[in-house]
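In the numbering used here, the protein residues as written are 13 to 171.
Note sheet for the following structure.
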C-alpha cells in the first residue's frame, strides 16, 4: 500500500456500539486481544501492557477513556496497535469493521461541536452513521497522564 493510499483510507472500529475511525497510516497491526499485564499506579484507562515483539506497549481501554460503560476485556476484542508521535500504543476496542475510504470532504471539526474535546478530533457522516475520528495524540499523553511504569514487568508475548 502506498503512502497516498494509506492517507486516503481509515480503519473503522467500534466501542460500545459507537463507530470510530483512525487514519490507516497510523496503524501498525490489528491483533486479537491477548493477556494484558496490569500496571500498578497507571491511569485507570490504561488496562496494562503487552509484549509486542519484545517491546512493552501500553494498552489503552478506549471504553474507559471515552466514558462508556466499562466491562472486562473479552477474547473477541481487538487491539489496534498504532504509532503516535511519542510512542507505540495499543487501543483495546470491541471490534474492527475494516478499512474505509476516507471521504473527500473533511471531517466536521470536533471543536465546532464540542469545544473542549481533545480525544475526538472530528466527525464523519457515513452510511454507518456518524463516525468519530479519534485523536490518538491526545488519548494518552505521558506528559499529562504520567508514564506507564514498566520496570520489573514481564508481559507474555502478544504474538
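Virtual Cβ for every residue (Gly too), placed ideally from N, Cα, C.
These numbers come from a predicted model, not from an experiment.
Residue span of the alpha helix (DSSP H) that contains residue i, given as start and end
i, result
"residue 148", "148-151"
"residue 74", "74-77"
Three-state secondary structure (DSSP) of residue i
i, result
"residue 162", "Note that residue 162 has pLDDT 49, beneath the 50 cutoff, so the model's placement of it is unreliable and the number below is only indicative. Reduced to three states, the DSSP call for residue 162 is coil."
"residue 13", "Reliability of the predicted coordinates at residue 13 is poor, the pLDDT of 40 falling under 50, and the value obtained from them is presented with this limitation in mind. Three-state result, residue 13: coil."
"residue 83", "coil"
According to DSSP, residues forming a beta bridge with residue i
i, result
"residue 64", "67"
"residue 97", "None; residue 97 has no bridge partner."
"residue 53", "Answer is none; residue 53 lacks a bridge partner."
"residue 35", "22"
"residue 58", "72"
"residue 102", "71, 93"
"residue 142", "137"
Distance cut-off 7 Å: residue i Cβ against heavy atoms of the ligand FAD
i, result
"residue 95", "Among the ligands in the structure shown, none appear at all, so the ligand FAD cannot be discussed."
Delimiting residues of the beta strand (DSSP E) encompassing residue i
i, result
"residue 136", "132-138"
"residue 39", "39-44"
"residue 113", "107-113"
For residue j and residue i, believed in contact at Cβ under 8 Å, the rounded distance
i, j, result
"residue 7", "residue 92", "Outside the displayed range of the chain (13 to 171) lies residue 7, so it cannot be described from this structure."
"residue 39", "residue 94", "5 Å"
With three or more C-beta pairs closer than 8 Å as the rule, is the stretch 131-139 touching the stretch 63-70? no
Do the stretch 35-52 and the stretch 69-86 meet, that is, are 3 or more Cβ pairs less than 8 Å apart? Output reads yes: the stretch 69-86 touches the stretch 35-52.
Would the stretch 70-81 and the stretch 23-33 be scored as touching if the rule is three or more Cβ pairs under 8 Å? Contact between the stretch 70-81 and the stretch 23-33 is present, because at least three Cβ pairs lie under 8 Å.
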